[in-house]
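Participant:
In our numbering, the protein residues as written are 6 to 139.
1) For residue 48, count the other beta carbons within 10 Å of its own beta carbon; 16 or more makes it buried, fewer makes it exposed. Which is it?
2) Which full runs of the alpha helix (DSSP H) of 4+ residues lie inside the region 19-105, going along the chain?
3) Report buried or exposed for residue 72, applying the criterion of at least 16 other Cβ atoms within 10 angstroms of its Cβ.
4) Is residue 17 closer than 9 angstroms to residue 74 when the C-beta atoms are compared?
5) From residue 123 to residue 80, what distance separates their C-alpha atoms?
6) Give the DSSP-derived three-state secondary structure of residue 124 in the structure shown.
7) Give the straight-line distance between the Cα atoms of residue 40 and residue 25, rounded to the nearest whole angstrom.
8) For residue 102 versus residue 128, is the C-beta spacing smaller than 9 angstroms?
9) Helix, strand or coil for residue 132, going by three-state DSSP, please let me know.
10) Report all residues from its chain with a CB closer than 8 angstroms to the CB of residue 98; omit the five preceding and five following residues, and keep chain order.
11) Is it true that the CB of residue 120 sits closer than 9 angstroms to the CB of residue 130?
Structure, rendered in structure tokens:
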């Protein structure tokens with residue numbers, strides 16, 4: 006997860022945004038980053054995230070990774086006001102699944118300041134045979 010969040014922060018610093026991407030932990034416990042072809046005609050970030058989820062479902066069957074993560078840039082309202090967050094969806098082949106949100110602000114000097122971190126149980130679906138929309 007830390008490796009994926011670090012990459013998201015680099016993208017925010019460089020581009021002030023990022024498109025969904027992911028990664029998986031292989032049998033040797035190395036993180037392998039996964040992205041989508043920029044040439045494809047993606048309609049929006051939800052379309053990209055769904056394509057990543059489909060790709061990971063195939064990858065799970067072929068390579069049997071230890072864990073998978075999908076990272077998206079989200080915005081939502083909280084009791085304390087609107088916030089941006091790096092959302093990391095994590096799923097382990099043991100069945101553990103979580104959504105972790107790293108709430109952030111971008112400073113004028115192009116730094117990412119993580120202001121809060123929250124987590125909730127996720128909906129496991131990548132290591133299952135049936136498909137659930139991301």
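Even for Gly, the Cβ is constructed at its ideal location relative to N, Cα and C.
Facilitator: Looking at the coordinates:
1) By 1-based counting over the chain shown, the position of residue 48 is 43. If you draw a 10 Å sphere on the C-beta of residue 48, you find fewer than 16 other C-beta atoms in it, and that means exposed.
2) 50-68
3) By 1-based counting over the chain shown, the position of residue 72 is 67. Residue 72 is buried by the Cβ-count criterion.
4) On the chain shown, position 69 is the one that residue 74 refers to. On the chain shown, position 12 is the one that residue 17 refers to. Not a contact, by the Cβ cut-off of 9 angstroms.
5) For the purposes of this step, residue 123 is taken as residue 118 along the chain shown, with counting starting at 1. For the purposes of this step, residue 80 is taken as residue 75 along the chain shown, with counting starting at 1. C-alpha separation (whole angstroms): 14 angstroms.
6) For the purposes of this step, residue 124 is taken as the residue at position 119 of the chain shown. Reduced to three states, the DSSP call for residue 124 is strand.
7) Walking along the chain shown from the start, residue 40 turns up at place 35. Walking along the chain shown from the start, residue 25 turns up at place 20. C-alpha separation (whole angstroms): 8 angstroms.
8) As a working note, residue 102 is residue 97 in the chain shown. As a working note, residue 128 is residue 123 in the chain shown. A Cβ-Cβ contact shorter than 9 angstroms links residue 102 with residue 128.
9) Working through the chain shown from its first residue, we reach residue 132 at position 127. Three-state result, residue 132: coil.
10) In the chain shown, residue 98 corresponds to position 93, counting from 1. Only 65, 69, 70, 71, 72 and 132 meet the Cβ criterion.
11) Here residue 130 refers to the residue found at position 125 when the chain shown is read from its first residue. Here residue 120 refers to the residue found at position 115 when the chain shown is read from its first residue. No, the pair does not count as a contact, with Cβ atoms beyond the cut-off.
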